[in-house]
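Worksheet for the structure shown next.
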Amino acid sequence: MSWTCLVGWLRFTVPQAIVDEVMTLMGGDWVADEKGFLGYGRSWICRGQTGGYGRIGTGAKRAPQEVHVDLSQELLSGWTYQQFQAVAQWVFAKDGHFGRLDVALDDRSGIIDVDGIYVAVVAGHCVSHFRKSQLIAGLDVGSGADTGKTLCMGSRQSDTYLRIYDKAAQQQSKGIVVEGPWVRWEMEWKDERAQAVGLALSVLDQERFQAYIVGVFRTALDFRDCTRADDPKDRYHAPLLPWWKTLTEGMQRAKLEVVKAVKKIEDVKQWAAKSLSPMLGLLCVHPEAGERWLVSTIIEGVERWRAKHYALLAKGQDAQQVLKKVRWWKPTDGFAAGCASTAP
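For the sequence shown, the UniProt record's numbering assigns the number 1 to the initial residue and increments by one for each residue that follows.
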């Protein structure tokens with residue numbers, strides 16, 4: 001497809017919920033954090049298979065049952081539209097509200113590049129409520145690689161903010177091979193505007209939601225055959241520029257991008273080292289847990305493996321042999337003593 005669509009960020013709060021219910025709704029592997037955030041006494045972190053993170057917070061003194069959720073773009077990259085809609089419906093069913101919601105529309109056809117869009121803005125073809133724009137040249141300081149240009153519309157402090165950037169150049173600066181052009185139009189909504197987009201997400205099917213999003217984009221800015229010298233009424237009724245008409249019509253037919261993550265054992269090891277190792281060390285030396293408890297818990301965990309675990313295991317070696325080894329693995333007294341000796 002020449003155009004793709006993705007939901008780039010979800011931030012919402014519900015006044016009363018059970019954290020386990022939220023985790024089940026979100027999916028993923030959530031790990032308790034040692035500290036809270038944003039005034040919430042307890043929190044959990046989830047790291048995505050392709051990057052990104054999510055956070056859940058609860059236990060605020062002002063509202064002990066309130067649950068706050070923050071999910072980044074990379075963490076959401078494998079979600080289907082039905083998953084996004086289920087979350088939005090749950091938020092409104094719980095009388096919650098959205099604090100931030102991003103939607104990105106990608107042009108892979110090369111209709112116009114970032115420089116061309118900026119030229120149109122400079123020429124006065126942009127009919128918009130945005131008061132300012134800024135063209136930023138990207139550069140990776142370490143490697144010196146060109147990360148592409150970004151055209152920003154509006155202010156980060158406002159309820160609506162638009163970034164238009166060269167996604168192909170950004171990916172190539174990371175060593176990722178990208179064929180052809182790739183320009184991303186990414187709109188960020190906050191507070192009341194995020195709530196309005198979230199409500200649309202909860203009730204519209206994918207086709208109508210994408211048409212709605214393109215309409216919201218065009219409410220924020222339109223590119224028409226006019227100049228700044230024209231009467232304001234004439235500007236709003238001037239013909240659309242051909243490239244903008246083609247682009248927005250294509251975006252309404254965009255396919256939701258769902259990334260199929262290919263997880264490697266090195267990714268799992270890195271995730272465990274970052275997220276689990278402190279707690280695993282604590283459990284190993286704690287007198288009410290210890291190595292024997294850890295091993296028995298691991299063995300019980302094997303019984304709950306799903307297709308993704310078996311698929312990962314089968315990549316490296318014979319699954320049945322490894323299963324046999326895990327199930328008969330017994331903790332050693334020497335290792336347990338070693339753990340205990342490291343306790344403070």
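Each residue gets a CB set at the ideal place from its N, CA and C atoms; glycine is no exception. Quantities reported herein were computed from a predicted structural model and do not represent experimental measurements.
Can you give me the C-alpha to C-alpha distance between residue i and residue j, rounded to a whole angstrom?
i: V177; j: R62; result: 49 Å
i: K169; j: S155; result: In the sequence under discussion, the amino acid at residue 169 is Ala, which differs from the Lys named in the question. Answer to the nearest angstrom: the Cα atoms are 24 Å apart.
i: G54; j: Y40; result: 15 Å
i: F84; j: V67; result: 18 Å
i: L280; j: W30; result: 15 Å
i: M251; j: P278; result: 46 Å
i: W189; j: R42; result: 27 Å
i: V197; j: R228; result: 31 Å
i: D33; j: L282; result: 13 Å
i: V22; j: Q89; result: 13 Å
i: L256; j: E288; result: 48 Å
i: T24; j: L294; result: 24 Å
i: F92; j: M26; result: 15 Å
i: W79; j: D231; result: 45 Å
i: P344; j: C284; result: Note that P344 scores a pLDDT of 43, beneath 50, so its modelled location is shaky; the value from the coordinates is reported in the next line. So the two alpha carbons sit approximately 13 Å from each other.
i: W185; j: Y165; result: 7 Å
i: F217; j: T297; result: 50 Å
i: W44; j: K149; result: 35 Å
i: G48; j: T4; result: 21 Å
i: C46; j: D113; result: 35 Å
i: residue 349; j: K233; result: This structure cannot settle anything about residue 349, because the visible part of the chain is limited to 1 through 344.
i: A17; j: F37; result: 18 Å
i: T248; j: V214; result: 7 Å
Count the other C-beta atoms from every protein chain shown that fall within 10 angstroms of the C-beta of residue i, then say buried if there are 16 or more, exposed otherwise.
i: T13; result: buried
i: G99; result: buried
i: V183; result: buried
i: H125; result: buried
i: Q195; result: buried
i: D95; result: exposed
i: S202; result: buried
i: S143; result: exposed
i: R131; result: exposed
i: V122; result: exposed
Grouping DSSP H, G and I as helix and E and B as strand, with all else coil, what is residue i?
i: V22; result: helix
i: S277; result: helix
i: R100; result: strand
i: L256; result: strand
i: D106; result: strand
i: H129; result: coil
i: K190; result: strand
i: V141; result: coil
i: W79; result: coil
i: S155; result: coil
i: H286; result: coil
i: G250; result: helix
i: W182; result: coil
i: D166; result: strand
What do you reckon, is the C-beta of residue i under 6 Å from a heavy atom of the ligand HEM?
i: I56; result: In the structure on display, the ligand HEM does not appear, and there are no ligands present to speak of.
Quick one, are the C-beta atoms of residue i and residue j less than 7 Å apart?
i: A220; j: T160; result: yes
i: Q73; j: G8; result: yes
i: L75; j: G52; result: yes
i: D70; j: R11; result: yes
i: Q134; j: C152; result: yes
In chain order, which continuous runs of the beta strand (DSSP E) of length 3 or greater are located wholly inside the stretch 203-228? Along the stretch 203-228, the beta strand (DSSP E) occurs as fully enclosed runs of 3 or more residues at 221-223, listed in sequence order.
My parser needs the beta strand (DSSP E) runs of 3 or more residues fully inside the stretch 2-64; what are they? For the stretch 2-64, whole beta strand (DSSP E) runs of length 3 or above, ordered along the chain, are 3-14, 30-32, 42-47 and 53-58.
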